Amino acid sequence: MNTAMVWFRRDLRIHDNAALWHALKAARRVHCVFVFDSDILDALPDKTDRRVEFIHASVGALRRTLESRGGGLHILAGSPRHLIPELAAELGAMTVYAARDYEPAAVERDAWVAERLTKAGRRLELVKDQVIFEADEILTAAGTPYHVFSPFKRAWLAKLDAFHLGTYPVEDLLGNLAPAAPRRMPALADMGFRSTDLIELGVQPGEAGGRARWEEFRERIDRYRETRDFPAVNAPSRLSVHLRFGTLSIRELARFAHEHAGEGADTWLSELIWRDFYQMLLARYPHITRHAFQSRFDALVWPNPPDHYQAWCEARTGYPIVDAAMRQLNQTGYMHNRLRMIAASFLVKDLHVDWRQGERYFAQKLLDYDLAANVGGWQWSAGVGTDAQPWFRIFNPVTQSEKFDPSGSFIRHFLPELAAVPDKFIHAPWKMTPTQRLACCIGSDYPPPLVDHTRARATTLALFRG
DNA sequence: TTTTGAGTTGTTCGA
DNA sequence: GTCGAACAACTCAAA
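Using our numbering, you'd call the opening residue of the first sequence number 260 and step up by one each time.
1. From residue 704 to residue 676, what distance separates their C-alpha atoms?
2. Is the beta carbon of residue 476 closer than 9 Å to that of residue 496?
3. Would you kindly work out how many angstroms separate the C-alpha atoms of residue 573 and residue 621, rounded to a whole number?
4. Just to confirm before moving on: does the CB-CB distance between residue 654 and residue 690 stay below 9 Å?
5. Thinking residue 312 and residue 356 are a contact (beta carbons under 8 Å), I'd like their distance in whole angstroms, please.
6. Under three-state DSSP, which class holds residue 564?
7. Can you check which of these residues, 536, 581, 387, is closest to residue 414 by C-alpha distance?
8. Rounded to whole angstroms, what is the Cα-Cα separation between residue 504 and residue 442?
9. Kindly list the residues whose CB is nearer than 6 Å to the CB of residue 489, restricted to its own chain and excluding five residues on each side of it in sequence; keep chain order.
10. In whole angstroms, what separates the C-alpha of residue 320 from that of residue 408?
11. With a floor of 3 residues, list each beta strand (DSSP E) that falls wholly inside the stretch 660 to 703, ordered by position along the chain.
12. Considering only their Cβ atoms, is the gap separating residue 389 from residue 531 smaller than 9 Å?
13. Flag this pair as yes or no: are the beta carbons of residue 636 and residue 645 separated by less than 9 Å?
14. What's the C-alpha gap between residue 582 and residue 275?
15. Less than 9 Å between the beta carbons of residue 630 and residue 548, yes or no?
16. Please name the residue or residues paired with residue 337 in a DSSP beta bridge.
17. Identify which residue in 299, 289, 270 has its Cα closest to the Cα of residue 318.
18. Measure the C-alpha to C-alpha separation of residue 598 and residue 433 and round it to an integer number of angstroms.
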């Protein structure tokens, strides 16, 4: 009997699923499995985690879809290092298919599982699914990985063709799915987690949720370029969480963006290329999770003044755009991309805190948290990453605020204590005279600025000069 | 090997 | 208020 297994991880969908297609193509009986990984879940300090709920709901939806096609989903909880080889043996699956994951911990886990399977005469077959081009597919003429985005993007676009954007026709082969014994799905509480406000926040998990969001964004894509930098506008795709957990296919999104003419789609496609770029860098240079990409900056000692990090986390720096951004993150698990840059630049270059602390904080809070993209973004903001112009990258939080939240409507939404502050002062409320402070008292209703930007900027430049 | 052009998302200063 | 130049000078990628 020709039997295979598909191990779902961050590809929680059926449509255009590479691992599922390869298994269905190769075997007459295909078992599907998902493992709630206790090695990851047990380490999470906060048991009210929207990501766990997103995964849990998406896995439930995946099981219902598989069952409606005559198949099923084995849902287990524990360490996949043992559970995957055991289940493969129990089901008689010779090959386990899975989508390749480029995070160092996943690479190590997969090598471990592969070795176990091999010893038992089976094998783990990892296939490309999360990116358009993997680390060894886009190289310079010298055969080395790109370290600069623009030439990487040119090479990426030059290599793009119908083959790399093609859809795996999974739907044609679903007759090979094997059912799973009907077992109750583990509840969130069984794993020690509580339910969250995910649905109230408007996040729809699962493949259907991703598709709904995608259809809604396609209506707005032509305006993406002009509107994407304004956090008060519904401009971003908000698809990052679906790409993170694979409830949408990157090939489907990239193909649409590539075929859809216009500046909006081109700009958005660039963002998808950035995603491939950072995945490639992490796969090639796994040490960048803890060390500066540019080694000459790795020894840089950040002053990290006491209380600065805490004030930033708790949205009380006294700079409205930064605090509003941090409230958006703390309250909703999401932060607009422009604000991620402003908040990151402020923590590192105004508050002089090590970028790794900010990266870890985002890791705790972001629903769409992706190690590769987050590390890449923080290193770029800190000026220690793949491009070398730190003096260009010290955002002025007031100028950025005036430019990208001109009416202050985003600020007022997340900082209602500033609602009555006149437009003229919304970006820098400490400039109000005592009589103007009736609307909001700086010092009691809202904190005074934690640092002086001009002085903090000078300190950063000196720090980089060495 | 050497040379050349370019580098996501900016800010500040002085006219 | 608006405009252009300076910022500081390095690394990458391709010719």
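Don't be surprised by glycine CBs; every beta carbon is placed ideally from N, CA and C. Please read all numbers here as calculations on a predicted model, not as lab measurements.
Based on what the coordinates show:
1. 6 Å
2. yes
3. 13 Å
4. no
5. Incorrect: roughly 27 Å between the Cβ atoms, too far for contact.
6. coil
7. 536
8. 24 Å
9. 663
10. 37 Å
11. none
12. no
13. no
14. 40 Å
15. yes
16. 296
17. 270
18. 43 Å
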